[in-house]
Each structure stands twice: as structure tokens, then as C-alpha cells.
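All remarks here apply to the structure that follows.
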Amino acid sequence: MALDEKNIKDIAHLARLKIEENEVAESLADFSSILSMINEMQTVNTENIVPLSNPHEQTQKLRKDVVTESNDREKLLNLAPRATDGLFLVPRVID
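Below, the structure written as C-alpha cells:
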């Protein structure tokens with residue numbers, strides 16, 4: 172597909188992008204280059220290639236699920252300006 176300056180302006184309008192007149196030619200070159208790469212990729216024979224849903228189809232090595240931090244709830248509640256029954260009291264935000 173051959174692009175022209177009107178196409179670039181239309182694309183910019185649809186994308187809600189403000190494009191200056193002096194940027195149109197550079198954008199046209201960029202878009203043409205991208206479309207050229209896409210056309211080149213479409214020529215690659217992928218007939219015998221199995222699609223991948225994820226390039227890393229290995230399972231991740233996970234660490235053991237062990238507690239690494241202690242429960243400092245009471246300590247943190249004691250640091251709060253106001254706390255009652257194990258809950259932080261905060262100023263009312265919505266009337």
C-alpha cells in the first residue's frame with residue numbers, strides 16, 4: 172500500500188495526534204518504512220511453524236512458599252496516630 176501525505180494526516184487525525192506540517196514528510200517516511208518491514212515479514216514461509224502462545228513455554232522456577240516476614244501488626248498499629256480494635260482510624264473523607 173502506497174501512502175501519501177493525506178493518508179498521514181488522516182491517520183494522525185484518527186489517532187487524535189497533532190502533527191505539524193513540517194512533520195508530515197518525516198512521518199510519511201517512517202510509516203512507509205514500517206509498512207515495508209511488514210510486507211517483508213509477510214513473505215516469510217511459516218507453513219510448517221507451530222504458533223506459540225508464549226515464547227517462553229517453560230514453567231517458571233518458583234521459590235518455596237514460606238513466610239519471610241513476621242507479622243508486625245501490633246507494632247504498626249501502635250505507631251498509628253489513631254487505632255481501635257486492630258483497625259486504623261482515619262479522618263472522614265466523604266460526607
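At position 65 of the sequence shown (counting the first as 1) the number is 236 in the working numbering, and the numbers step up by one without a gap. Yeah, the Cβ is synthetic: ideal placement off N, Cα and C, and Gly gets one too. Computed from a prediction, not measured in an experiment: that's the story for all the values here.
S198 classed as buried or exposed, judged by whether at least 16 other C-beta atoms fall within 10 angstroms
The residue you call residue 198 lines up with position 27 of the sequence shown. Classification of S198: buried, given that the 10 Å Cβ count is 16 or more.
If you run the structure through DSSP and keep just helix, strand and coil, what is L248?
Numbered from 1 along the sequence shown, position 77 holds the residue referred to as residue 248. Helix at L248.
Does DSSP put A183 in a helix, a strand or coil?
Translated into the one-based positions of the sequence shown, residue 183 becomes position 12. Reduced to three states, the DSSP call for A183 is helix.
Taking the DSSP output, what are the residues bridged to F259?
Start at 1 with the first residue of the sequence shown, and residue 259 comes out as number 88. The partner list for F259 (beta bridge, DSSP) reads A254.
Can you tell me whether I220 is buried or exposed, with buried defined as 16 or more other CB within 10 angstroms of its CB?
The residue you call residue 220 lines up with position 49 of the sequence shown. Around the CB of I220, fewer than 16 other CB atoms lie within 10 Å, so the residue is classed as exposed.
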